[in-house]
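Here is the structure we will look at, set down as structure tokens.
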Amino acid sequence: MPARTLPLRLDPLPDEALGSWLETYAHRLQATLGDLAIALGLPTTDREHPSRMLAHAPDWTVSLHTSEAASIAAACGISPAALHSLTLTRFDGRAVHVDTERRRVRYRLWARTEGSRFCPSCLHESDGRWPLNWRLSWSFACPIHQCLLVDTCPRCDRPARTAGVALGFVPHPGHCARSIGGARGREAARCGADLTAAPALALSFARACDGPAT
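Numbering-wise (this note's numbering), the sequence shown opens with residue 110 and increments by one.
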């Protein structure tokens, strides 16, 4: 069934990750990520067992299939090319090698195996939206706020952003979406820590540029 036009339009931020945009969209609509995915024509069932609902979203930030991009474009008024630019296929063949069919990246190159580093101040200023380049292992510092990017959630001490976000809850941008207490499933309780308040190690870029003191 073709995707229907959504009643609310939300443009991606420049260089935003696709997963971040989708989660912010769901939050604005006060819809679960699973309900938004269905409205956009994105898969929410197991490919090998179509009657089985997925607990977590596929990693759409890695890649979108052509039909998925067309479906989202029809519902949101954003071009397929713009949607593909929000995925790691943007770096395919240069920084990463993307298996678009399986939505996997050859992690021994430049993409992270799990989660995403983040700058708490950037998250605060963008209302919890994540740039795509934070998924790449060479991103380790924020030149705007002169700090190291943070690796883990300050509360649960796990990578703050996982490849597959739970489909059964309404996302809360800028907050940790990891499950707590070993809970599993679409509606498992979330950590919910405010990532914009995470401590970050300050750097002195000016000192690094000037070289060692004499």
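Just so it is clear, CB atoms sit at the ideal spot from N, CA and C, and this is done for glycine as well.
- The beta carbon of THR305 sits closer than 8 angstroms to those of PRO229, SER230, LEU232, HIS233, GLY237 and GLY283, all from its chain and outside the five residues before and after it, given in chain order.
- Taking the C-beta atoms as reference points, ALA302 is found no nearer than 7 angstroms to ARG270.
- Taking C-beta atoms under 8 angstroms as the contact rule, LEU127 and TRP169 qualify, at a distance of about 5 angstroms.
- For a cut-off of 8 angstroms, the C-beta gap from PRO268 to VAL274 is around 12 angstroms, too long to register as a contact.
- ALA178: member of the alpha helix (DSSP H) spanning 175-185, first to last residue.
- About 16 angstroms separates the Cβ atoms of THR153 and LEU138, ruling out a contact at the 8 angstroms cut-off.
- In this structure, the CA atom of ALA140 is about 27 angstroms from the CA atom of ASP266.
- Excluding the 5 residues flanking it on each side, GLU125 has same chain C-beta neighbours closer than 8 angstroms at LEU195, ARG238, TRP239, PRO240 and LEU241, in chain order.
- Remark: C-beta atoms of LEU142 and ALA178 do not approach each other more closely than 7 angstroms.
- Between the alpha carbons of VAL171 and ILE253 lies a distance of about 26 angstroms.
- In this structure, DSSP gives ALA140 a state outside helix and strand, which the three-state scheme calls coil.
- Residue state for PHE200 is assigned as helix, using DSSP reduced to three classes.
- The three-state secondary structure of CYS231, taken from DSSP, is helix.
- Note on PHE227: 16 or more other CB atoms within 10 angstroms of its CB, so buried under the neighbour-count rule.
- The three-state reading of DSSP puts SER313 in coil, since its state is none of H, G, I, E or B.
- Taking a 10 Å sphere around the C-beta of SER129, we find 16 or more other C-beta atoms and assign the residue as buried.
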